[in-house]
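Shown next, in structure tokens, is the structure this report addresses.
Here it is in structure tokens:
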């Protein structure tokens, strides 16, 4: 993932950081990386599990359904 050269923060009245402002390209990169990590975690969990095996296509469908349910 790329390094953000100058992150921008929103602060409250006391100067405490309360939020980060990202360019849309950086935001989309972060989302892509999180989705990749989610897929890796799901693979690792499935590999360690003794549960029933499913096809790759079924796994993709289940992951897509979960993502859609989590998005606002």
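Numbering (our numbering), first residue to last: 103 to 174.
The C-beta atom is built at its ideal place from N, Cα and C for all residues, glycine as well.
Note that this is a predicted model, so its numbers are computed, not measured.
- A check of alpha carbon separations from residue 173 across 149, 133, 114, 111 identifies 133 as the nearest.
- Runs of the alpha helix (DSSP H) lying entirely within the segment 126-158, each at least 4 residues long, are 126-150 in chain order.
- The beta carbon of residue 110 is closer than 6 Å to those of 123 in its chain, skipping five residues each way along the sequence.
- Non-local beta-carbon contacts of residue 112 in its own chain, meaning distances under 7 Å to residues more than five positions away in sequence, involve 120, 121, 123 in chain order.
- When beta bridges are read from the DSSP output, residue 161 appears opposite no residue.
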